[in-house]
Structures are given as structure tokens and as C-alpha cells.
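Each residue of the sequence shown is one higher than the one before, starting from 1 at the first, in full-length UniProt numbering. All C-beta atoms in this analysis are idealised placements derived from N, C-alpha and C, irrespective of residue type, glycine included. Everything on this sheet refers to the single structure shown next.
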Amino acid sequence: MASKRGDVRVFEGLQELATSLADYIAEVSDVAVKERGAFSVALSGGSLISTMSKLCEPPYLKTIDWSKWHVFWADERVVPRNHQDSNYKLAKDGLLSKVPIIPGQVYSINDAMSADGAAEDYEFGLRQLVKTRIVDVSTSSDCPRFDLILLGMGPDGHVASLFPSHPLTHEKEKWIASIKDSPKPPPERITFTFPVLNSAANIAMVLTGANKADVLEKAFGDLQAPGVLPVQMVFPTEGSLGSFDTYASISLANKLVPATNTRRIPQVAFNYKTPALVDSFKNSLRELQVEGCVVDVAWP
């Protein structure tokens with residue numbers, strides 16, 4: 001099913017990543033439905049939804065049991081649901097309106113409330129769903145245990161609406177918190193806190209674009225300052241963390257693979273097909289081997 005904690009899968013292009021991500025989501029969904037009778041998934045905004053577009057196509061459209069999906073948001077902007085900045089609108093237009101999900105099982109925020117009110121209301125609703133086990137509960141805390149949380153990452157290393165150096169990164173009590181001073185507009189948002197994120201059964205970090213390489217180096221390679229970036233603080237206590245990336249360059253390997261010395265990335269899989277890239281990795285594999293790590297290059 002999901003990868004071991006910290007595994008990184010690097011793809012040559014967005015299409016390859018999208019197909020692998022769709023396979024992964026379908027498998028996690030299938031397991032959850034068979035084990036619990038429901039699949040709870042939390043989405044984010046940004047480019048994530050377009051990367052999930054394969055789910056709207058065969059075979060996923062027919063093989064996934066959409067009636068068992070319960071959809072949430074790991075963060076949301078406090079704007080009207082039809083606003084261009086709304087993560088709900090982004091997901092509805094790009095995914096939810098194209099698959100047979102039951103509307104009553106899509107849980108958006110109350111956009112008529114203030115940021116504080118919307119966060120409190122969203123947490124109250126989530127607590128009711130945990131009581132009925134629509135959303136599972138963590139065995140080590142009272143936090144919800146989502147079957148899957150899908151996260152992107154900003155160029156500054158933020159995840160959900162948890163930003164570097166912001167006090168909310170240290171929130172321990174609330175499941176859902178409001179933020180009114182987001183460094184990225186719009187300023188008012190709600191967000192899952194780290195206790196909820198890290199209670200998930202599975203987290204998938206979906207990272208697209210070469211501008212993420214420097215942040216990845218800091219996040220996985222900086223041994224002097226662990227936990228400085230929010231992305232570094234994503235580490236499920238009882239679940240699995242997998243990352244999907246599309247930066248087709250050996251420079252990413254040079255940044256990611258040495259981080260396996262910390263055992264934070266037990267496996268790095270590079271799925272390349274272009275002959276020049278394949279040859280480059282074949283010639284460099286021996287240099288990239290690190291004790292305790294598997295470096296895998298897939299080629300036709």
C-alpha cells in the first residue's frame with residue numbers, strides 16, 4: 001500500500017507523477033473502504049487538484065467506490081465558496097464535479113462565518129464525524145486519523161496554512177486553527193494543526209516544480225536546524241509519509257540522497273525514461289548508494 005515513512009518518488013514529468021499519484025490514492029481508498037467502510041481524505045489547494053485530474057478518467061472513475069469518500073480540506077481560505085481563492089471551488093471545478101461523490105460527504109467550511117467561527121465550526125463538525133467513526137481516531141491521541149491527507153508545499157516550506165516562524169506551528173490543543181495574518185494572501189484562513197496532520201494514516205506530499213529543490217534540500221538535508229520549516233514537521237506518528245516530485249535533474253538526487261544518513265528518507269525512487277537521464281543515473285548509482293538507503297532508478 002503506502003510507502004515506508006519518508007520515501008521519495010521522483011518522476012520525469014507531470015503525467016507520470018499524476019498516474020502514480022492516482023494509483024496510490026485509489027489503493028489507499030480501496031484499503032480504507034474494505035477495512036472501515038469509509039474513506040476520509042483531506043485536500044489542499046494550489047496545483048494539487050490539477051495533479052489529481054487522472055482520477056476523473058478511466059479506470060479510476062469506474063473502479064473507485066466514490067460513494068464511500070468523505071472529503072475535507074487541510075486548509076481553506078476564508079472567502080465565499082465561489083471565490084477564485086477558495087480551495088473548495090478549486091476542488092469542485094477540477095475534481096469533485098467530475099466524479100460521483102455524494103454531495104453531503106463533502107465538508108466545506110461555513111463561508112458566512114469569521115475565521116475564528118469557521119475554524120471552531122469545522123472542528124465541531126469533525127468531532128461529530130470522529131464519534132461516528134466516519135473519520136477514524138488515532139490510537140495514541142484523541143485526534144482524527146484521516147485515511148489520507150494530501151499536501152503541497154510552498155517555496156517557503158509551508159504546508160496547509162502553517163507558515164515558517166508562525167505561532168500556529170506550535171499549536172497542540174486545537175484540531176483546526178484560524179489564521180488572520182497569513183504571509184500569503186488571502187490573510188484569513190483555517191488550517192489543520194500538526195497534531196491532526198501527524199495523526200493521519202497516510203500523508204502524500206505532492207511537490208511539482210524545480211523551485212522546490214532548494215526547500216527540499218533544507219528540509220531533508222539540514223542536520224543543524226531540524227524542524228525550522230513546517231514541511232520538516234510533517235511526520236506521521238503512526239502512519240506513512242510519501243513524497244511525489246517532478247524535478248528531472250540529478251541535482252535533486254545529490255540533495256536528497258545524502259539526507260538518508262538521517263534515516264529520514266529510507267528510499268528514493270527516480271522514475272526516468274529519457275535516455276540521457278537514465279544513462280546519467282546508471283553511471284552515478286554507485287556514488288549515490290548510502291548505507292541504510294535504497295536508491296532505485298526505473299527505466300524501460
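Here DSSP, grouped into helix, strand and coil, assigns Val28 to helix.
Close CB contacts of Glu76 within its chain, under the 6 Å cut and outside five residues either way in sequence, are with Asn87, Ile109, Ile190 (chain order). DSSP places Thr51 inside the alpha helix (DSSP H), whose first and last residues are 48-51. In the three-state DSSP reduction, Trp73 falls in the strand class (E or B). Look at Leu14 here: in three-state DSSP terms it is helix.
When C-alpha distances from Ser199 are compared across Pro80, Leu17, Thr132, Ser141, the shortest belongs to Ser141. Listed as beta-bridge partners of Ala177 by DSSP are Thr191. Beyond the five residues adjoining it in sequence on each side, Cys143 comes within less than 7 Å, by CB distance, of Trp175, Pro195, Val196, Ser199 in the same chain, given in chain order.
Contact between the region 61-69 and the region 167-182 is not established, with fewer than three Cβ pairs separated by less than 8 Å. In this structure, Leu43 lies near Ala74, with their beta-carbon atoms less than 8 Å apart.
With fewer than 16 other CB atoms across the displayed protein chains lying within 10 angstroms of its CB, Glu35 is exposed. Minimum Cα-Cα distance from Pro185 among the listed residues Gln84, Leu151, Thr19, Ser50 corresponds to Gln84.
In the three-state scheme derived from DSSP, where H, G and I count as helix and E and B as strand, Asp23 is classed as helix.
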